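Undergrad: Quick note on numbering: the sequence shown equals residues 99 to 209 in the numbering used here.
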Amino acid sequence: MEKLKVGDTVQVIAGAERSEKTEATKRGKILKIDREAQRVTVEGLRMVKRHLRKTQQQPEGGIVEKPGTIHISDVQLVCAKCGKPTRVGIRLDGDKKKRFCKRKDCNGLID
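1. Rounded to a whole number of angstroms, what is the C-alpha to C-alpha distance between Asn205 and Arg151?
2. Using a Cβ-Cβ cutoff of less than 6 Å, which residues in the same chain neighbour Asp106 once the five nearest sequence positions on both sides are dropped?
3. Do Lys130 and Gln109 have their CB atoms nearer than 8 Å?
4. In whole angstroms, what is the alpha-carbon distance linking Met145 and Ile170?
5. Skipping 5 residues on each side, what residues in its chain have a beta carbon closer than 6 Å to that of Gly126?
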């Protein structure tokens, strides 16, 4: 079972995006995960500019901003219960594996 999934809310804990002032700017939802390269695409973070040529599929060329990738070790899952970045544990609940918050005071289920 994977500890991070598409749609999870994560917070940047290292790198250039970490230097922002407020917590809200450091958080976002995971849009895509590249497990081979160990990188994640997070909504609204690490914005990069791409210069696109006009084509038949893309009639408008120009400069497009889209989210870039961040290394998977530089983000941490945000617990829905306590609202803080946390490490993720996996425990068996019957036959199913469940992810849980590893914070000492929380210990809540993530899914």
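Ideal placement from N, C-alpha and C gives every residue a C-beta, glycine not left out.
Computed from a prediction, not measured in an experiment: that's the story for all the values here.
TA: So, from the data block:
1. 50 Å
2. Ile128, Leu175, listed in sequence order.
3. no
4. Rounded to whole angstroms, Met145 to Ile170 spans 17 Å at the Cα level.
5. Val140, Glu141, Gly142, Leu143
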